[in-house]
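Colleague:
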Amino acid sequence: MPTVALGLGSNIRPQQHLQQALDALHARYGRLRTSGVFESEPVGFAGPNFLNMVVVLETAESLASLSRFLKDHEDRHGRVRHGPKASGRTVDIDILLYGELCGTYEDVELPRPEITENAFVLCPLAQVLGDTLLPGTTQRIGELWRLYDRAQRLWPVDFVWQE
Numbered sequence: 001m002p003t004v005a006l007g008l009g010s011n012i013r014p015q016q017h018l019q020q021a022l023d024a025l026h027a028r029y030g031r032l033r034t035s036g037v038f039e040s041e042p043v044g045f046a047g048p049n050f051l052n053m054v055v056v057l058e059t060a061e062s063l064a065s066l067s068r069f070l071k072d073h074e075d076r077h078g079r080v081r082h083g084p085k086a087s088g089r090t091v092d093i094d095i096l097l098y099g100e101l102c103g104t105y106e107d108v109e110l111p112r113p114e115i116t117e118n119a120f121v122l123c124p125l126a127q128v129l130g131d132t133l134l135p136g137t138t139q140r141i142g143e144l145w146r147l148y149d150r151a152q153r154l155w156p157v158d159f160v161w162q163e
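Taking this note's numbering as reference, the numbering of the sequence shown is continuous, increasing by one, and the terminal residue is 163.
1) For Trp161 and Arg28, what's the separation of their Cα atoms in angstroms?
2) Specify the secondary structure class of Val160 as computed by DSSP and reduced to three states.
3) Considering only the beta carbon of each residue, do Leu66 and Ala5 sit closer than 8 Å?
4) What does a CB cutoff of less than 6 Å around Val37 pick up in its chain, not counting 5 residues either side in sequence?
5) Considering only residues of the same chain and omitting the five flanking positions on each side of Gly136, which have a CB-CB separation below 6 Å?
6) Would you kindly report the start and end of the unbroken beta strand (DSSP E) that includes Ser65?
7) Could you tell me which of Cys123, Leu134, Gly130, Gln127 sits nearest to Asp149, measuring between CA atoms?
8) If we call anything under 8 Å between Cβ atoms a contact, is Asp92 one with Arg112?
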């Protein structure tokens, strides 16, 4: 079964929406590995800070089915898709990695480019998959984080997921 990494983020009632997303993922996929939760300023717009984390799971589910499930969850929890790309989110769940896939599949670009662009994606991903090679590269995710320009502010926050 492929290992899947998901990036979760929210800046509208973020504690509640992260909890709901984790509950839904656990109910569907079972065991989850989770990073710490990090707060960061919004990128590209003014608004409340985001809480972000990474979840790793294993599934035999197809990429298309996984993507549909995640979009359905976002929609059920108030995700607005017709507004500006850079805007507040009740919940945003991005597929960062799906096994070793590298390229565009089912309209999902893998690995997700934001991995190397945003501290709020790379830092939590390095926590849970630091020794993993980023598909399409010769670098481990933890090494990418060690080399990352730390100009983007990020700080850990207390968050306890109650399974």
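For each residue, glycine too, the CB sits at the ideal point set by N, CA and C.
Modeller: Looking at the atomic coordinates:
1) Position 161 of the sequence shown, counted from the start, is the residue given in the question as residue 161. Position 28 of the sequence shown, counted from the start, is the residue given in the question as residue 28. Distance between the alpha carbons of Trp161 and Arg28 is about 16 Å.
2) Position 160 of the sequence shown, counting from 1, holds the residue named residue 160. Of the three classes helix, strand and coil, the one that applies to Val160 here is coil, per DSSP.
3) By one-based count along the sequence shown, residue 66 stands at place 66. By one-based count along the sequence shown, residue 5 stands at place 5. The answer is no: Cβ separation not under 8 Å.
4) For the purposes of this step, residue 37 is identified with residue 37 of the sequence shown, where counting begins at 1. So the list reads Leu51, Met53, Val157, Phe159, once near-sequence residues are dropped.
5) Position 136 of the sequence shown, counted from the start, is the residue given in the question as residue 136. So the qualifying residues of the chain are Cys102.
6) Translated into the one-based positions of the sequence shown, residue 65 becomes position 65. Run containing Ser65: none in the beta strand (DSSP E); it sits in the alpha helix (DSSP H), 63-76.
7) Stepping through the sequence shown from its first residue, residue 149 is reached at position 149. Per the Cα distances, Cys123.
8) Translated into positions along the sequence shown, residue 92 becomes position 92. Translated into positions along the sequence shown, residue 112 becomes position 112. Cβ atoms of Asp92 and Arg112: not closer than 8 Å.
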